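S.K.:
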Amino acid sequence: MKHVKKVSKRTRVLTGSALAAAVALGGVGAYSASAADTAAPAAAKPAAVKAGNTLQTKHLTIDAAQDAAEAVLDAAKKENQKVSVAIVDRNGNTILTLRGDGAGPQSYEAAEKKAFTAVSWNAPTSELTKRLESAPTLKDIPGTLFLAGGAPVTADNAPIAGIGVAGAPSGDLDEKFAQAGVAELAK
1 MKHVKKVSKR TRVLTGSALA AAVALGGVGA YSASAADTAA PAAAKPAAVK AGNTLQTKHL
61 TIDAAQDAAE AVLDAAKKEN QKVSVAIVDR NGNTILTLRG DGAGPQSYEA AEKKAFTAVS
121 WNAPTSELTK RLESAPTLKD IPGTLFLAGG APVTADNAPI AGIGVAGAPS GDLDEKFAQA
181 GVAELAK
């Protein structure tokens, strides 16, 4: 019969720990390898867009929008009117909105909608109200407001922005003040 050498408790604990660590690391390695197989491939370089497949547009600067908005508020103040003014870009995104001192709470949103409507159709909103007679469902388009007070801003015969004004007792006055903003941009 063979004699088995006795191993100390300390040696058995260390050997068992090393064996457990080796098994655990082997499992992690297998898991990592399988996870790498299912991971998305490395991102490729974006392809350059073919010439002629893009369009370049002009945009109103924030400084120009601020100047136009101040011209609107100054024109309204000269006639003792309390209005809000909104300026949107070609896509209808608001560049800025100013609620004039004392302007009614409804004027803020109405100004934005008038600006959006003016740039969307590249026409003053006073002209667009006349189109409702032949196409009454136009007013159902979300974000629009077919009341006088919106004016488009153009560059190279293309719309680049809209100015909307609301709060005066008549749409004619709102539109007059919006046109003061357009005139400021032409300087």
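Here the sequence shown stands for residues 1 to 187, where the numbers follow UniProt numbering. Ideal placement from N, C-alpha and C gives every residue a C-beta, glycine not left out. As the structure is a computational prediction, the values presented were derived from the model and not from experiment.
1. From the DSSP output, in three-state form, read off Ala43 for me.
2. Alpha carbon to alpha carbon, how far is Gly143 from Gly52?
3. Is the beta carbon of Ala115 closer than 8 Å to that of Ile87?
4. Cα separation between Ala123 and Val72?
5. Could you pull out every residue in the same chain whose Cβ sits closer than 7 Å to the Cβ of Gly104, ignoring the five residues on either side in sequence?
6. Can you tell which of Ile95, Pro136, Phe146, Asp67 has its C-alpha closest to the C-alpha of Glu175?
7. Can you check which of these residues, Ala161, Leu128, Glu133, Asn157, is closest to Glu112 by C-alpha distance?
8. For the putative contact between Asp101 and Lys78, defined by C-beta atoms under 8 Å, what is the C-beta separation to the nearest angstrom?
9. Looking only at its own chain, which residues have a Cβ that is under 7 Å from the Cβ of Pro149, when we skip the five neighbours before and after it?
10. Report the start-end ranges of each beta strand (DSSP E) in the stretch 134-182 that is 3 residues or longer and not cut off at the edges.
11. What is the DSSP secondary structure of Tyr31, reduced to helix, strand or coil?
12. Give the range of the beta strand (DSSP E) segment to which Arg131 is assigned.
13. What does the alpha-carbon distance come out to for the pair Arg90 and Ala76?
M.R.: With the given structure in hand:
1. In the displayed model, Ala43 falls within coil according to three-state DSSP, outside both helix and strand.
2. 32 Å
3. Yes, Cβ-Cβ distance for Ile87 and Ala115 is below 8 Å.
4. 18 Å
5. The residues Gly167, in chain order, have a CB closer than 7 Å to that of Gly104 in the same chain once the five nearest residues on each side in sequence are set aside.
6. Phe146
7. Selected option, being the one with the closest Cα: Ala161.
8. With a Cβ gap of about 14 Å, Asp101 and Lys78 do not count as contacting.
9. A small fix is needed here, since residue 149 is Gly in this sequence, not Pro. Around Gly149: Lys114, Thr125, Gly164, Val165, Ala166, Gly171, Asp174, Glu175, Ala178.
10. 150-155, 158-166
11. Since pLDDT at Tyr31 reaches only 49, below the 50 mark, its modelled position is unreliable, and the value read off the structure follows with that caveat. Note: Tyr31 maps to helix in three-state DSSP.
12. Run containing Arg131: none in the beta strand (DSSP E); it sits in the alpha helix (DSSP H), 125-131.
13. 25 Å
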